[in-house]
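Number of protein chains: 2
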Amino acid sequence: MDSSKITIEDIARELNISKTTVSRAISGKGRVSSETRERVRSFIELHHYRPSAIAKSLAQSKTFNIAFTMPGKYGFIDMPFFQKCMWGISSIASESDYDVLLCMMEEGDISSLKRLIHNHKVDGVIIGRTYENDAAERFLLAEKVPFVTVGSSANPDAIQVDNDHYQACKELTSVLLLKGMKQLSLIGGSTKYIVNANRLNGFMDAHRTMGKQYLPELIKTEVDDPAELEAAVEQFVALGSDCIVCMDDFVCNQVLLKLNKMQVQIPKQIRIASFYNSAMLENNRPSITSLQFDAVEAGIRSCEILMRRMDGKKVSSKTWLGYNVKLNESTSVV
Amino acid sequence: MDSSKITIEDIARELNISKTTVSRAISGKGRVSSETRERVRSFIELHHYRPSAIAKSLAQSKTFNIAFTMPGKYGFIDMPFFQKCMWGISSIASESDYDVLLCMMEEGDISSLKRLIHNHKVDGVIIGRTYENDAAERFLLAEKVPFVTVGSSANPDAIQVDNDHYQACKELTSVLLLKGMKQLSLIGGSTKYIVNANRLNGFMDAHRTMGKQYLPELIKTEVDDPAELEAAVEQFVALGSDCIVCMDDFVCNQVLLKLNKMQVQIPKQIRIASFYNSAMLENNRPSITSLQFDAVEAGIRSCEILMRRMDGKKVSSKTWLGYNVKLNESTSVV
DNA sequence: CTGAAAGCGCTTACAG
DNA sequence: CTGAAAGCGCTTACAG
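Heads up: the protein sequence lines correspond to chains S and V, in order. When we follow the working numbering, the leftmost residue of the first sequence carries the number 1, and every step to the right adds one. When we follow the working numbering, the leftmost residue of the second sequence carries the number 335, and every step to the right adds one.
Below, the structure written as structure tokens:
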């Protein structure tokens, strides 16, 4: 018998029992005598029978697929994050015999997501990258498709899994202050992004909590072009800042290039820390002190939550993930 | 009528025609009067009917899914390649209303692939990373599942899409020689890997073709630990090599670090080129001369070929992809 | 050009 | 504990 074509009906016929019983013996739902169960089990093993996921899907009106959305053509930044995240998602999904379907889309263009949903190919989705006023989220909400976002969303109806950037930044800043640095400077992009606003607050509150002052001239947010960034770095150095804290790894990378150009040595002449880790900084010399967020965990948690949500269970709308402060060469006080 | 629950039967009833006709009007297969077709079309549009991909799958015994395999937990190297490749694959797949299912696996552990195939969740697979004596390939061959590999495979039965590394390396080497470099050195890993053997041959044949000599002392393959690599670099410098050619970007990265440590300036004191491009080198200062391979194209071609193969069409067992020689600062002859 | 009917391979109330 | 039968929502020979 060709193993790839065995059906539940074949088993029933061979074993002289009904399809119903076979189905029950396999799924474990409903009572089946242990003797019958064993006969089915051994037949299946012998003939390498594998149930058709498609038929099961149709019968149960479930696809056993979830989608994972991520940037496609552009935004090749921080790809390791997505890979690790996917790994976490896959592991959890497969435990429930679910598979993950790729959905690549750019900001604004959610056509691939629409196709997936309209074709009823998935039971739920994990949004790997959120945007402000996210079209994908609005669409999924309207279509009543369960989803969870990795990263914060402004949408109060979205179920979110995120790192506690505020706490993490506050802690890293405190550690730097404890190490004796006195003139921390901060540089980063737009604080209209929630995550950046949180980072700024963490930075400031750490100072407050420890009874330290920060110099307003040393805080430079809303930086969005290289020239501006270079000017800021020059100013920090001129004002005698002893450590530059970067709001993200992208900014950090640029700061490093600028300091290199200026021939300023790290950590001898100035120290550097980043509020975000990434592959970009991983191989840097000196190694960069940064906050470590675990992308695999983000994947795991978001998938677990989505699974529960798809099961109709209540889930909390916001899940905080852990973080680590990783001290490296770039902030060593010689 | 709840749009998410409309079936072909509802349409048939509302329009007073048979399910058969509705199905034909939608699929375009079989003759349907243009009037009927139009009635169906407008009804569908009005009520936002979307056929169930699952039901279609079961009826046609096709899943409309393909799998893309890539490394999971380990091997976080060169992730942008996979992302670009996936983007290419997705675009082509979606043209035929196919979706791509993620299959993350480590060398040797093909359990996730097995699950996918046994559950009949895909019609074909694209192997994103090939290994020697690839377990995944052997499995798919045995299961008679159509697949294509991105990158070369030693398996003669595998349908492969690959870059012509030999030609590419030969060309880059020739260009370097034409620029006047006289003592090219070559460094890389094991030549048991087909791709490395090809690279070595390209390097040597370029010399031969141009009537130049290469010094055996300047060719160092089978390098597999950092100490060995550092020693080799020191030797190259001591022997007066004017350009180090690296077999891949990983080796190149290490060579750069070593030269940096040695305070040897690029390209002033020595030049550098890589036989492979990657994000790791993209942001380097100085920018690195390297061979450019288009990962999006690799995805596109492999998916096109897989689609044709799944259609039962004959496809050539080996497809060569293009490449570009990208000259950058690291080989400028001042 | 159109339909009735069987089929894809499972699941699941319902009845026993 | 077990079965007959209907159902999941499409497709497709076959017949007209």
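All residues carry an ideal CB built from backbone N, CA and C; glycine is no exception. Please read these numbers as outputs of a predicted model, since none were measured by experiment.
Counting of Cβ neighbours within 10 angstroms places N594 of chain V among the exposed residues, the total staying below 16. Residues of chain V whose Cβ lies closer than 9 Å to the Cβ of K121 of chain S are, in chain order, A387, I388, F398, N399, D433. Taken atom to atom, the span from the alpha-carbon of I288 of chain S to that of Y432 of chain V is near 43 Å. In this structure, the CA atom of K179 of chain S is about 32 Å from the CA atom of R619 of chain V.
For the pair V459 of chain V and I400 of chain V, the CB atoms are nearer than the 8 Å cut-off. In the structure shown, N532 of chain V adopts helical secondary structure according to DSSP, grouped into three states.
At a Cβ-Cβ threshold of 8 Å, I345 of chain V and V374 of chain V count as neighbours. When 7 Å is used as the limit between beta carbons, S290 of chain S is near no residue of chain V, the shortest such separation being about 17 Å.
Three or more Cβ pairs closer than 8 Å define a contact, and the stretch 517 to 525 of chain V falls short of that threshold against the stretch 478 to 489 of chain V.
Contact check between the stretch 590 to 609 of chain V and the stretch 564 to 582 of chain V: three or more CB pairs, one atom from each, fall below 8 Å, which counts as touching.
In the three-state reduction of the DSSP assignment, D433 of chain V falls in the strand class.
Taking V333 of chain S as the centre and dropping the five residues before and after it, the same chain places the C-beta of K179, G180 closer than 7 Å to its C-beta, in chain order. The continuous beta strand (DSSP E) containing L625 of chain V extends over residues 623 to 626. Per DSSP, the continuous alpha helix (DSSP H) segment holding A231 of chain S begins and ends at 226 to 238.
In the DSSP assignment, K261 of chain S falls within the unbroken alpha helix (DSSP H) covering 249 to 261. Secondary structure of V148 of chain S (DSSP, three-state): strand. Where F139 of chain S is concerned, there is no enclosing beta strand (DSSP E), although the alpha helix (DSSP H) around it starts and stops at 135 to 142.
No Cβ-Cβ contact shorter than 8 Å links F481 of chain V with C437 of chain V. Between R285 of chain S and chain V, the shortest Cβ-Cβ separation is below 8 Å. Counted as a single uninterrupted DSSP element, the beta strand (DSSP E) harbouring V659 of chain V occupies residues 658 to 660. Ranked by Cα distance from A359 of chain V, the first of V:L349, V:N350, V:T370 is V:T370. Assignment of I272 of chain S by DSSP, reduced to helix, strand and coil, places it in the strand class. In the three-state DSSP reduction, D242 of chain S falls in the coil class, being neither helix nor strand. Of all residues in the stretch 503 to 516 of chain V, none places a beta-carbon less than 7 Å from a beta-carbon of chain S. Beta-bridge partners assigned by DSSP to G124 of chain S: S:I66. DSSP, read as helix, strand or coil, puts V667 of chain V in coil.
Nearest to L625 of chain V by alpha-carbon distance, out of V:G462, V:N658, V:G422, is V:N658. From the beta-carbon of L450 of chain V, the residues of chain S found nearer than 7 Å are D99. Take R31 of chain S, set aside five residues on each side of it, and the residues of its chain with a beta-carbon closer than 8 Å to its own are R24, in chain order. By the CB criterion at 8 Å, E217 of chain S and L239 of chain S fall inside the cutoff.
Annotation: S42 of chain S has no Cβ neighbours in chain V at a cutoff of 8 Å; minimum Cβ distance is about 18 Å. Cα atoms of Q160 of chain S and I634 of chain V: separation of roughly 34 Å, rounded to the nearest angstrom. Neighbours of L392 of chain V across chain S, judged by C-beta separation under 9 Å: S52, I54, A55, S57, L58. Scanning chain S for C-beta atoms nearer than 7 Å to the C-beta of S428 of chain V yields S112, R115, reported in chain order. Assigned with DSSP and collapsed to three states, S367 of chain V falls in coil, not helix or strand.
Using a Cβ-Cβ cut-off of 8 Å, S424 of chain V counts as an interface residue toward chain S, since at least one Cβ of chain S sits closer than that to its own.
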